[in-house]
Amino acid sequence: MAATRVVLILGAGPRVGASVAEKFASNGYKVAVASRSGTGAKTANGFLSLKADFTKPDSIPGVFAAVKTEFKASPNVVIYNAASLTPPPDKDSFLSIPVESVTSDLNINTISPYVAAQQAVSGWETLPKDTKKTFIYTGNILNISISPVPLMADLGMGKSASSFWINLADITYSARGYRFFYADERQKDGKSKGAAIDGPAHADFFAQLADHEGNVPWLATFVKDQGYVQFK
């Protein structure tokens, strides 16, 4: 009997999160989605909806426990899609952002996904060896390109920090067959997609990553309808 495949999507918004949930469900996965508006019940699509506060990293283990209780298996695919930034009170000075806001945004952008990765690895150790185990972080270009826009400060700090530990995790856990990806949708010329990211394009690419298809590195830059594209 085939092992139950479970995906947990942390940060289930109406664009990327919703598209990814539908794609994985169509591929036969049990789907759990976690967001601030989670209900603790099944959605009309049959997804387990869980409430999560990503500003509080210590709440993340409870989400994983709820998934395992519901599906009798830990999620073999974990997707972290939450993100946050705080506009600086002085729009020309990012250092005017209150420390409390920086801390909250870093919790969402870096610390909570780190805890999610810890929980993922702990759960993967209980799954069959031949089950593919994958952690995907929805990134952007800010980990390699500093935008001279104060508005982007908290988001850029968080994406940069997370890209480091995701890279390290992919290197150090690869021998166990675990993959960690920082997924970044780009335009065809390699420029940032900004706010114009495409939900279905993420869904298709994330499904490919979950199957460990192709020789895609941890820095998984991709273009709609093309899949992985390396940019230099």
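Residue numbers for the sequence shown follow this note's numbering, so the first one is 96 and each next one is one higher. Think of the CB as a built atom: it goes at the ideal place given N, C-alpha and C, for glycine as much as any other residue.
Do residue j and residue i count as a contact pair if the criterion is CB distance below 9 Å?
{"i": "Gln303", "j": "Val311", "result": "yes"}
{"i": "Asp284", "j": "Lys319", "result": "no"}
{"i": "Val115", "j": "His297", "result": "yes"}
{"i": "Val162", "j": "Ser169", "result": "yes"}
{"i": "Val102", "j": "Ala305", "result": "yes"}
{"i": "Thr316", "j": "Asp279", "result": "yes"}
{"i": "Leu180", "j": "Leu105", "result": "no"}
{"i": "Ile236", "j": "Lys286", "result": "yes"}
{"i": "Asn262", "j": "Trp219", "result": "no"}
{"i": "Ser144", "j": "Ala160", "result": "no"}
{"i": "Gly253", "j": "Ile241", "result": "no"}
{"i": "Pro183", "j": "Ala248", "result": "yes"}
{"i": "Arg274", "j": "Phe326", "result": "no"}
{"i": "Phe301", "j": "Phe119", "result": "yes"}
For the putative contact between residue i and residue j, defined by C-beta atoms under 8 Å, what is the C-beta separation to the nearest angstrom?
{"i": "Tyr268", "j": "Val216", "result": "7 Å"}
{"i": "Ala98", "j": "Leu222", "result": "7 Å"}
{"i": "Gly133", "j": "Ala147", "result": "6 Å"}
Figure out for me which residue from the options has the closest Cα to the Cα of residue i.
{"i": "Trp260", "options": "Glu117, Pro208, Phe142, Gln214", "result": "Pro208"}
{"i": "Ser121", "options": "Gly141, Ala107, Ala129", "result": "Gly141"}
{"i": "Ala107", "options": "Asn176, Ser287, Ser240, Gly234", "result": "Asn176"}
{"i": "Asp187", "options": "Trp219, Ser114, Pro243", "result": "Pro243"}
{"i": "Ala127", "options": "Val173, Arg110, Ser196", "result": "Val173"}
{"i": "Tyr232", "options": "Val210, Phe166, Asp249", "result": "Val210"}
{"i": "Leu330", "options": "Asp265, Asp299, Lys288, Gly272", "result": "In this structure the chain extends from 96 to 327, so residue 330 is not present and cannot be described."}
{"i": "Gly135", "options": "Thr150, Leu263, Glu165", "result": "Glu165"}
{"i": "Thr205", "options": "Asp225, Gly251, Ser257, Gly234", "result": "Ser257"}
{"i": "Phe149", "options": "Phe275, Ala139, Ala178, Lys137", "result": "Ala178"}
{"i": "Glu117", "options": "Pro295, Lys327, Lys227", "result": "Pro295"}
{"i": "Gly289", "options": "Phe300, Ser255, Gly234", "result": "Gly234"}
{"i": "Ile155", "options": "Ile203, Phe301, Ser255", "result": "Ile203"}
{"i": "Pro152", "options": "Phe326, Phe276, Ala212, Ala291", "result": "Ala212"}
{"i": "Gly272", "options": "Ser199, Asp225, Phe326, Asp185", "result": "Asp225"}
{"i": "Arg100", "options": "Thr198, Lys227, Lys327", "result": "Lys227"}
Grouping DSSP H, G and I as helix and E and B as strand, with all else coil, what is residue i?
{"i": "Phe230", "result": "strand"}
{"i": "Gly251", "result": "helix"}
{"i": "Tyr175", "result": "strand"}
{"i": "Val194", "result": "helix"}
{"i": "Ala147", "result": "coil"}
{"i": "Asp293", "result": "coil"}
{"i": "Arg100", "result": "coil"}
{"i": "Phe276", "result": "strand"}
{"i": "Arg281", "result": "strand"}
{"i": "Ser287", "result": "strand"}
{"i": "Val311", "result": "coil"}
{"i": "Phe317", "result": "strand"}
{"i": "Lys125", "result": "strand"}
{"i": "Ser114", "result": "helix"}
{"i": "Lys163", "result": "helix"}
{"i": "Ser130", "result": "strand"}
{"i": "Gly322", "result": "strand"}
{"i": "Leu180", "result": "coil"}
Let me see if you follow: with CB-CB separation under 9 Å, is residue i close to chain D or not?
{"i": "Asn171", "result": "Absent here is chain D; the protein component of the structure consists of one chain."}
Practice prompt. Examine the Cβ distances between the stretch 112 to 131 and the stretch 189 to 202 and report whether three or more of them are shorter than 8 Å.
Written response: no
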